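Peer 1: Residue numbers 40 to 211, in the working numbering, belong to the letters of the sequence shown in order.
Note that the Cβ used here is the ideal one computed from N, Cα and C, for glycine as well.
Here the structure is a predicted model, which is why all the values come from computation and not from measurement.
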Amino acid sequence: MIPVHHPYATSHPMTPLTAVPKMLIIASFFSSNNSYCVVVVFISARYSEDTGHRQFTEEVYEHHYRLIAGAQWQPKTIAWTDLTGDKVLSKDERIEPPAGWIWEDEWTIDTNRAVDEEGFEYCVNQTLGGWCPTEKVFHLSRRRRWYRNRILKGEKISDDKKENSFLFHTSN
């Protein structure tokens, strides 16, 4: 029999799913007494990126492209993504916050990063990355970040206690 150690196990045999992180970690090693150990942490089906937060920043990226260098910008077929480029609902389709949450403010263009006056950052091809704040004639992709804060119902968060999203920002 192989001993299994679950790092989030408690004295109670049923560890709550919310206590299990999103990552799946599988490691095997020999312990100091030469017994073979396996560490397995399973992905929780109930995990969400706002778990444990009272305030959370939603963010979406608006994408544009052009087929020819110097041409006019137009919306991409997949115009709205998350930070990693996965398709998500547009900001206008996110009318209601998740259950138990309320919107704290309206959607805002993030201009407090390395972006131009309109909040856009540019690159030759979005799959290659290398975003920069200045538009060049050879750039074929551009994007801008929109963000909106939500808080748990019944919570009032003061400005000096707000939690950060994936990208740090300050509001003016």
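1) Kindly provide the ranges of any alpha helix (DSSP H) runs that are 4 or more residues long and lie completely inside the segment 138 to 199, ordered along the chain.
2) So the candidates are Q94, P136, E143, Q165; which of them puts its Cα closest to the Cα of I117?
3) Since I believe E101 is in contact with R183 (beta carbons under 8 Å), could you give me their beta-carbon distance rounded to a whole number of angstroms?
4) Return the CA-CA distance between D155 and W170, expressed in angstroms with no decimal places.
5) What is the rounded straight-line gap between the Cα of H178 and the Cα of W140?
6) Is the Cβ-Cβ distance between T150 and W185 less than 8 Å?
7) Quick check: what's the CA-CA separation for Y104 versus S180?
8) Shortest alpha-carbon distance to A215 belongs to which of R187, T96, E174?
9) D131 to K115, Cα distance in whole Å?
10) How long is the line joining the alpha carbons of E98 and T123, rounded to whole angstroms?
11) Just verifying my parser: in three-state terms, what is the DSSP assignment at E98?
12) Is any heavy atom in the ligand PLP found nearer than 7 Å to the beta carbon of K192?
13) Assuming L128 and W119 form a contact by the criterion Cβ under 8 Å, report the distance between their Cβ atoms to the nearest whole angstrom.
14) In chain order, what residues of the same chain lie with their CB nearer than 8 Å to the CB of D121, ignoring the 5 residues before and after it?
15) What do you get for E88, buried or exposed, if any count of 16 or more other CB atoms within 10 angstroms of its CB means buried?
16) Whose C-beta lies closer than 8 Å to the C-beta of K192 among residues of the same chain, with five residues either side of it excluded?
Peer 2: Result, derived from the coordinates:
1) For the segment 138 to 199, there is no continuous alpha helix (DSSP H) assignment of 4+ residues that stays within its boundaries.
2) Of the candidates Q94, P136, E143, Q165, Q165 places its Cα closest to the Cα of I117.
3) Confirmed, Cβ separation roughly 5 Å.
4) Roughly 12 Å between the two C-alpha positions.
5) Each residue's Cα considered, the two are about 39 Å apart.
6) Not a contact, by the Cβ cut-off of 8 Å.
7) Y104 and S180 have their C-alpha atoms some 4 Å from each other.
8) Only positions 40 to 211 of the chain appear in the structure, and residue 215 is not among them; the question remains open.
9) Linking D131 to K115 through their CA atoms gives a straight-line distance of about 16 Å.
10) The alpha-carbon atoms of E98 and T123 are separated by roughly 11 Å.
11) Three-state result, E98: strand.
12) With respect to small molecules bound, the structure shown includes none, and the ligand PLP cannot be examined in it.
13) Contact between L128 and W119 holds: their C-beta atoms lie close to 7 Å from each other, under 8 Å.
14) Cβ neighbours of D121 within its own chain (closer than 8 Å, five residues either side excluded): E98, V99, Y100, V127.
15) Exposed is the call here.
16) Within the same chain, K192 has close Cβ partners G139, W140, I141.
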